[in-house]
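From first to last, the protein sequence lines stand for chains A and B. Oh and the first sequence: position 86 is 86 in my numbering, straight run, nothing missing. Oh and the second sequence: position 225 is 225 in my numbering, straight run, nothing missing. In this text, a Cβ means the ideal position worked out from N, Cα and C, and glycines have one as well. Since we're looking at a predicted model, the values are computed, not measured. A quick write-up on the structure given underneath.
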Amino acid sequence: MVEEGSTLLRRMEISVAEAEKRTGKNTVNMQEIFTVYLIETRPIDAITEGHNPAPDSLWRRYSEFEILRNYLLVTYPFIVVPPLPEKRAEFVWHKLSADNMDPDFVERRRVGLENFLLRVASHSVLSNDKILYHFLTEEHRWKEVVCETGFQAKADSRIKALSATFRVKNPDKRFTEMKHYSDELQSLTSQLLRVRARVADRLYGVYKVHGNYGRVFSEWSALEKEMGDGLQSAGHHMDAYAASVDDMLEEEEHYADQLKEYLFYAEALRAVCRKHELTQYELETASSDLISKKQQREELATGMVRTFSFKGMTNKLFGQETPEQREAKLSLLEEQIVQGEETVTEKTVECEEYVKGAWVDMQRFKEQKDRDLREALIGYAVMQISMCKKGIQVWTNAKECFHKM
Amino acid sequence: MSRTIDAVVSPTQTNTIPADISGQMLDLDEDDDLEVFSKDSTLADGNMFNASMPTSPGSMVNQCKFEEDEESDSKDIFITVDNPESHVTAIETFITYRVLTKTTRSEFDNSEYEVRRRYQDFLWLKGKLEDTHSTLIVHPLPEKFVVKGMVERFNGDFIETRRKALHKFLNRVADHPILSCSEDFKVFLSAQAWELTTYKKQGPGFLSRMGETVRAVANSVRGVKNRPEEFTAIQEYVEDFSNKIGSLDKVTQRIVKEQKEYLEELKEYGPTYTLWSGSEEELAEQLKGVAGCIERCCKETEEQVGHLSDTLVPVLHEYVLCAETLKAVLRRRDNIQAEFEAKNEALATKKVDRDALKEEIDKLEDRVEWANNALKGDWGRWQRSMRGDLKSAFLSTAEKNVDYYEKCLAVWETFLLSQRTEPSEETDRDNTP
Numbered sequence: 001m002v003e004e005g006s007t008l009l010r011r012m013e014i015s016v017a018e019a020e021k022r023t024g025k026n027t028v029n030m031q032e033i034f035t036v037y038l039i040e041t042r043p044i045d046a047i048t049e050g051h052n053p054a055p056d057s058l059w060r061r062y063s064e065f066e067i068l069r070n071y072l073l074v075t076y077p078f079i080v081v082p083p084l085p086e087k088r089a090e091f092v093w094h095k096l097s098a099d100n101m102d103p104d105f106v107e108r109r110r111v112g113l114e115n116f117l118l119r120v121a122s123h124s125v126l127s128n129d130k131i132l133y134h135f136l137t138e139e140h141r142w143k144e145v146v147c148e149t150g151f152q153a154k155a156d157s158r159i160k161a162l163s164a165t166f167r168v169k170n171p172d173k174r175f176t177e178m179k180h181y182s183d184e185l186q187s188l189t190s191q192l193l194r195v196r197a198r199v200a201d202r203l204y205g206v207y208k209v210h211g212n213y214g215r216v217f218s219e220w221s222a223l224e225k226e227m228g229d230g231l232q233s234a235g236h237h238m239d240a241y242a243a244s245v246d247d248m249l250e251e252e253e254h255y256a257d258q259l260k261e262y263l264f265y266a267e268a269l270r271a272v273c274r275k276h277e278l279t280q281y282e283l284e285t286a287s288s289d290l291i292s293k294k295q296q297r298e299e300l301a302t303g304m305v306r307t308f309s310f311k312g313m314t315n316k317l318f319g320q321e322t323p324e325q326r327e328a329k330l331s332l333l334e335e336q337i338v339q340g341e342e343t344v345t346e347k348t349v350e351c352e353e354y355v356k357g358a359w360v361d362m363q364r365f366k367e368q369k370d371r372d373l374r375e376a377l378i379g380y381a382v383m384q385i386s387m388c389k390k391g392i393q394v395w396t397n398a399k400e401c402f403h404k405m
Numbered sequence: 001m002s003r004t005i006d007a008v009v010s011p012t013q014t015n016t017i018p019a020d021i022s023g024q025m026l027d028l029d030e031d032d033d034l035e036v037f038s039k040d041s042t043l044a045d046g047n048m049f050n051a052s053m054p055t056s057p058g059s060m061v062n063q064c065k066f067e068e069d070e071e072s073d074s075k076d077i078f079i080t081v082d083n084p085e086s087h088v089t090a091i092e093t094f095i096t097y098r099v100l101t102k103t104t105r106s107e108f109d110n111s112e113y114e115v116r117r118r119y120q121d122f123l124w125l126k127g128k129l130e131d132t133h134s135t136l137i138v139h140p141l142p143e144k145f146v147v148k149g150m151v152e153r154f155n156g157d158f159i160e161t162r163r164k165a166l167h168k169f170l171n172r173v174a175d176h177p178i179l180s181c182s183e184d185f186k187v188f189l190s191a192q193a194w195e196l197t198t199y200k201k202q203g204p205g206f207l208s209r210m211g212e213t214v215r216a217v218a219n220s221v222r223g224v225k226n227r228p229e230e231f232t233a234i235q236e237y238v239e240d241f242s243n244k245i246g247s248l249d250k251v252t253q254r255i256v257k258e259q260k261e262y263l264e265e266l267k268e269y270g271p272t273y274t275l276w277s278g279s280e281e282e283l284a285e286q287l288k289g290v291a292g293c294i295e296r297c298c299k300e301t302e303e304q305v306g307h308l309s310d311t312l313v314p315v316l317h318e319y320v321l322c323a324e325t326l327k328a329v330l331r332r333r334d335n336i337q338a339e340f341e342a343k344n345e346a347l348a349t350k351k352v353d354r355d356a357l358k359e360e361i362d363k364l365e366d367r368v369e370w371a372n373n374a375l376k377g378d379w380g381r382w383q384r385s386m387r388g389d390l391k392s393a394f395l396s397t398a399e400k401n402v403d404y405y406e407k408c409l410a411v412w413e414t415f416l417l418s419q420r421t422e423p424s425e426e427t428d429r430d431n432t433p
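Here's what the structure looks like:
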């Protein structure tokens with residue numbers, strides 16, 4: 001079925017081809033409009049063999065992607081799970097609609113969802129998951145199947161995770177550093193995106209006001225004899241200049257989306273670090289429990305009170321218990337100690353394996369991030385160059401027109 | 001001074017104009033024009049609107065051909081306005097500007113003059129020019145106060161903007177074939193402060209009284225009845241032009257505002273990349289690179305906005321003021337005609353001394369013709385100036401914008417180049433995301 005070491009993406013072509021609006025009843029039985037996305041898949045060998053089979057396809061909505069991701073988060077806590085595109089439009093500047101139904105938003109979400117699937121399907125660990133495979137291939141029963149895994153119950157409670165963060169004594173230093181990095185990545189990219197949106201808004205304003213030149217030049221040209229032609233054509237160029245900003249800024253949104261992906265990745269990275277803290281904390285807790293149980297056994301066996309305990313106090317006050325009682329307690333403790341040792345061994349292994357697996361994936365993530373962001377920055381420079389070239393063209397043309405005035 | 005009054009009211013005092021001048025009047029090359037004024041002592045009073053004064057309505061055929069010959073080789077007067085200084089007296093504080101004149105014109109005793117003038121003096125000069133040549137188009141002065149924005153008269157930018165406008169004003173007057181011959185202009189350029197004060201005290205009283213009378217008459221009249229078609233056409237044009245130029249002025253100021261706000265945001269944008277680079281290892285270089293590019297683009301943007309403010313904004317503003325000047329000139333022309341029409345009508349109705357009235361009417365009629373021709377001539381001249389000024393301002397703006405984008409382009413291309421020549425770690429990598 002699944003070849004060892006190969007990812008799903010090598011066997012299967014995946015794309016999120018379209019988006020459509022549907023109506024239906026929601027959980028409180030009210031009519032709602034939502035968007036569904038068409039997932040198309042085709043086996044690669046069929047393509048390479050020269051056939052051109054029609055793709056298999058099914059429709060999924062955003063909330064189903066969310067369920068899939070949550071399942072992956074719980075099932076593979078040591079993996080930095082790729083994020084979904086944003087649920088609601090953030091870092092909006094005035095022209096962009098904050099409306100989830102806005103066609104540009106839907107289009108960018110489609111691209112983001114496809115990107116998510118491609119990343120998951122090419123991940124060496126995640127791509128082998130059966131639930132993922134079902135998500136891509138089984139339209140109807142998928143939700144039941146995923147719920148049957150019981151992943152929702154396995155999710156760590158927030159409180160548990162948070163208290164582990166505060167109480168853990170010896171987390172792996174590399175994970176602590178990585179966690180700090182994830183916090184910084186999140187706040188830095190978020191700040192960058194916010195300012196970028198403001199810059200885009202202002203730039204939009206500058207370009208659009210030039211459209212007024214177009215209008216006034218045109219009106220003015222009707223008054224003038226010699227200047228008329230020059231003014232009229234200059235006006236057209238001003239209109240073109242004003243119009244050009246829409247496409248340029250839409251392109252820049254894709255750059256913003258690339259940065260946003262890593263903003264959301266920061267959270268996934270932090271989750272991996274936190275999970276480490278949790279497993280480490282559970283190990284530490286199990287270890288210290290074991291130690292205290294052993295200590296209690298010792299005290300009971302030797303009758304010596306090493307440390308203060310209420311038992312010791314009550315013993316002093318009310319006299320010691322009977323030999324039978326002591327025996328019972330001792331054997332209970334022995335059982336607990338055996339269990340405790342098993343737990344500690346388990347937890348130790350769990351912790352070590354977690355650290356190993358997580359570290360590998362975090363390295364993979366780091367390399368991917370550096371590659372992707374570097375490409376994004378280059379892409380940004382290319383966009384700026386294109387914008388400058390258009391500006392040169394428009395104003396050179398305008399200059400020609402002004403010459404004719 | 002009686003001569004001056006005559007020049008205003010009865011331009012056809014042919015006995016003051018030697019007959020041989022009329023031949024030269026028909027060919028108004030700028031040099032000849034000036035030659036006329038310097039050779040004949042009877043015409044030394046530059047206030048006399050001699051060059052275009054017709055001997056009779058019939059000779060107005062080639063009237064007022066103002067050659068647009070303002071090449072520097074034919075310029076014989078150079079004026080600069082600079083060096084603002086503030087003066088404090090017990091009563092007030094004000095700014096004076098140095099007015100430096102270099103000239104070879106013979107009506108000037110010296111070839112160089114350096115005087116200090118304050119804004120009030122410029123206002124006085126403009127008023128005198130307009131009174132004397134009521135249907136000529138005098139270039140506008142900068143306004144007394146800036147309505148929006150700074151009201152602070154001693155703000156550096158405000159003073160500099162004003163200084164440039166005053167400089168332009170004087171140079172425009174100097175370029176004007178008729179206005180530059182004005183005695184008031186000469187006195188303005190050459191008289192010492194106390195001389196100017198004395199000079200100012202003469203005449204204005206009388207002239208302003210004359211002006212008032214004319215206005216009073218005009219106001220009592222229901223307006224001009226038979227305005228020649230061409231002036232109506234000019235008026236309509238001026239109305240429309242005024243709207244358009246006003247719009248352009250507003251649009252341009254809005255662009256400056258938006259561009260400045262863009263610049264403010266841009267200044268905060270670069271640092272976000274620098275900040276981020278502090279947390280990265282591999283990416284730090286590129287992030288700093290992008291930050292650097294944005295910073296350099298900031299500088300270019302600042303320069304571009306500055307250019308717009310220094311070059312296009314003042315010119316558009318000047319022409320907004322020009323439009324108002326034109327409206328005033330047209331009104332004054334109308335008033336002159338209205339006065340004539342009123343008197344003409346009175347001839348039919350009133351039983352006054354018909355001969356005296358007839359004589360007055362003849363003078364007024366000539367005055368109307370003279371005013372019309374002056375305006376027509378100056379109108380063509382003004383249009384050419386306007387075209388030249390606006391064309392050059394827009395051209396300069398377009399050139400600066402091209403330059404701006406070219407510089408930004410170079411910044412980003414340099415960055416891109418630095419990225420592509422780095423050891424290609426990328427080409428060996430797997431292409432899967």
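Query                                                                                                                                                                           : Result
What span of residues does the alpha helix (DSSP H) with residue 125 of chain A cover, start to end?                                                                            : Here residue 125 of chain A belongs to no alpha helix (DSSP H), and DSSP marks it neither H nor E.
Give the DSSP-derived three-state secondary structure of residue 137 of chain B in the structure shown.                                                                         : coil
Identify whether residue 30 of chain A lies in helix, strand or coil by the three-state DSSP scheme.                                                                            : coil
Identify each residue in the stretch 392-418 of chain B for which the Cβ-Cβ distance to at least one residue of chain A is less than 8 Å, and report them in chain order.       : 394, 395, 398, 399, 401, 402, 404, 405, 406, 408, 409, 412, 413, 415 and 416
Of the residues B:339, B:136, B:184 and B:249, which one's Cα is nearest the Cα of residue 364 of chain B?                                                                      : B:339
So residue 137 of chain B and residue 382 of chain B are in contact, right, with Cβ under 8 Å, and what is the actual spacing, rounded?                                         : 5 Å
What distance in whole Å lies between the Cβ atoms of residue 241 of chain A and residue 207 of chain A, which are believed to be in contact at a cut-off of 8 Å?               : 6 Å
Would you say the stretch 262-273 of chain A touches the stretch 69-85 of chain A, given that touching needs at least three Cβ pairs under 8 Å?                                 : yes
The alpha helix (DSSP H) with residue 169 of chain B in it runs from where to where?                                                                                            : 156-175
By the 10 Å Cβ neighbour count, where 16 or more other Cβ atoms means buried, how is residue 220 of chain A classified, buried or exposed?                                      : buried
Which residues mark the beginning and the end of the beta strand (DSSP E) in which residue 59 of chain A is found?                                                              : 56-61
So is residue 196 of chain A buried or exposed if we call it buried at 16+ other beta carbons inside 10 Å?                                                                      : buried
Compare the Cα-Cα distances from residue 74 of chain A to each of A:44, A:155, A:102 and A:246 and report the closest residue.                                                  : A:155
Ignore the nearest five residues each way along the sequence and tell me which others in residue 238 of chain A's own chain have a CB closer than 6 Å to its CB.                : 210, 213 and 214
Taking beta-carbon pairs under 8 Å, can you tell me which members of the stretch 84-116 of chain A lie near chain B?                                                            : 115
Would you be able to state if there are at least three C-beta pairs under 8 Å between the stretch 371-380 of chain B and the stretch 335-348 of chain A?                        : no
For chain A, is any of its Cβ atoms less than 9 Å away from the one on residue 116 of chain B?                                                                                  : no
Is it true that the stretch 397-405 of chain A meets the stretch 387-394 of chain B, where meeting means three or more beta-carbon pairs spaced less than 8 Å apart?            : yes
Helix, strand or coil for residue 235 of chain A per DSSP?                                                                                                                      : helix
Any chance you could list the alpha helix (DSSP H) runs of at least 4 consecutive residues sitting entirely within the stretch 212-292 of chain B, in chain order?              : 229-277
How is residue 78 of chain B classed by DSSP in three states: helix, strand or coil?                                                                                            : strand
Quick check on residue 52 of chain A: does DSSP put it in helix, strand or coil?                                                                                                : coil
So with Cβ pairs under 9 Å, would you call residue 44 of chain A a contact of chain B?                                                                                          : no
Give the C-beta separation of residue 238 of chain B and residue 164 of chain B to the nearest angstrom, bearing in mind that I take them to be a contact with Cβ-Cβ under 8 Å. : That belief does not hold up - the Cβ atoms of residue 238 of chain B and residue 164 of chain B are roughly 25 Å apart, past 8 Å.
Alpha carbon to alpha carbon, how far is residue 401 of chain B from residue 105 of chain A?                                                                                    : 33 Å
Express the C-alpha separation of residue 344 of chain A and residue 170 of chain A in angstroms, rounding to a whole number.                                                   : 15 Å
Under 7 Å Cβ to Cβ from residue 356 of chain A, same chain only, skipping five residues before and after it: list those, please.                                                : none
Please check if any C-beta of chain A sits within less than 9 Å of the C-beta of residue 202 of chain B.                                                                        : no
Beta carbons nearer than 7 Å to chain A: which residues of the stretch 246-263 of chain B have them?                                                                            : 247, 248, 251, 254, 255, 258, 259, 261 and 262
Among B:418, B:266 and B:202, which residue has its Cα nearest to the Cα of residue 200 of chain A?                                                                             : B:266
For residue 11 of chain A, which residues of its own chain have a beta-carbon under 6 Å away from its beta-carbon, when the five flanking residues on both sides are left out?  : 44
What does the alpha-carbon distance come out to for the pair residue 89 of chain A and residue 258 of chain A?                                                                  : 14 Å
Considering only the beta carbon of each residue, do residue 82 of chain B and residue 167 of chain B sit closer than 9 Å?                                                      : yes
Tell me whether the beta-carbon of residue 264 of chain B lies closer than 9 Å to the beta-carbon of residue 194 of chain A.                                                    : no
Would you call the stretch 244-254 of chain A and the stretch 65-73 of chain A in contact, with 3 or more CB pairs under 8 Å?                                                   : no
Check this for me: beta carbons of residue 13 of chain A and residue 37 of chain A, under 9 Å apart or not?                                                                     : no
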